Amino acid sequence: KYPWLMLYLRADATEGFNGGYHYNGRGIMRKLPESPNFKVKLTLNITRGGGSNSQFYLLDMGSCWKNNGDPCDGDVLTDVTRYSEMIINPETTSWCRADNLVSCPPYHVSATGEIIHRNETSRFPYSAYHLYCSPGNAQYLEKPYDICDPYSNPQAQELVQLLPHTEWAVHGYPERKGEGWVGDARTWELDVGALSSRLYFYQDPGTKPARRVWTSLNVGTEIYVSREGETAEWTVSDFDVLVPEDDIDGNHSSY
162 KYPWLMLYLR ADATEGFNGG YHYNGRGIMR KLPESPNFKV KLTLNITRGG GSNSQFYLLD
222 MGSCWKNNGD PCDGDVLTDV TRYSEMIINP ETTSWCRADN LVSCPPYHVS ATGEIIHRNE
282 TSRFPYSAYH LYCSPGNAQY LEKPYDICDP YSNPQAQELV QLLPHTEWAV HGYPERKGEG
342 WVGDARTWEL DVGALSSRLY FYQDPGTKPA RRVWTSLNVG TEIYVSREGE TAEWTVSDFD
402 VLVPEDDIDG NHSSY
């Protein structure tokens, strides 16, 4: 029902769950990045974008925690896969709009920490989001809401899909559509930890906030079924996940 071709270069945890999988992984990240303190550096050269239905991710981050904030434990009825992706295909539009609040997160957190609700039409940055959808096992969702498709993972999932915008540019992400796309190869240093700490993810009211420990980081595209064949081609180099190393005096950290 949801035919996608998924093509990623992905760094996963060396053990435990990663991405949308509820079994033990065998990745390469020995020290897992945790919001708000990590960065990702990569050089990306896209030569063929994959057409209008290509959701090309400058970066896709994935993790898993329960709606009460606890880490996932393999129970597919209560585990929730959490994803956020920065889509840089300039043909990808914003489904989150003032007249379509169902595709927006309930609120946006500004770089200064201010909470802006999605019904504040003069202030909410609708064009910063492609779409948001909620986990199907959430019990206290704010209306209106849309449930993420239940076919892509063994458990419920939650998606926060972003588009180039000034809101994210403060963290090194593209500011305008077309930046980093075909013909505009770039080296990016993304403050993923800072950005990811600002994103809305559902959690049951009154529960302790989940630790946002990211077990998967990837770059690449998902191409939705098209009327004709599509081709995506890109080169990734210098793909580094930078996590802080505490200074010996314990007073500060460096990457």
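Each residue of the sequence shown is one higher than the one before, counting from 162 in our numbering. Heads up, the beta-carbon is just placed ideally off N, CA and C, and yes, glycines get one too. This structure is a prediction, so every number in the text was calculated from the model and none was measured.
DSSP places glutamate 394 inside the beta strand (DSSP E), whose first and last residues are 393–403.
Runs of the beta strand (DSSP E) spanning 3 or more residues and lying entirely within the segment 281–333 occur at 290–294 and 317–323, in chain order. The count of Cβ pairs closer than 8 angstroms, one atom from the segment 366–376 and one from the segment 256–274, stays below three, leaving the stretches out of contact. Secondary structure note for serine 357: its alpha helix (DSSP H) is the uninterrupted segment 353–359. Beta-bridge analysis with DSSP links glycine 381 to Tyr169 and Tyr218. With fewer than 16 other beta carbons inside 10 angstroms of its own, glycine 344 counts as exposed.
For lysine 202, the uninterrupted beta strand (DSSP E) segment begins and ends at 200–210. According to the DSSP assignment, serine 255 belongs to no beta strand (DSSP E), since it is labelled neither H nor E. Taking tyrosine 301 as the centre and dropping the five residues before and after it, the same chain places the C-beta of Asp365 and Pro366 closer than 7 angstroms to its C-beta, in chain order.
If you draw a straight line from the Cα of serine 398 to the Cα of leucine 220, it is about 14 angstroms long. In terms of CA proximity to glutamine 316, Leu238 leads the group Cys294, Leu170 and Leu238. The segment 295–309 and the segment 321–339 do not touch, with fewer than three beta-carbon pairs separated by less than 8 angstroms.
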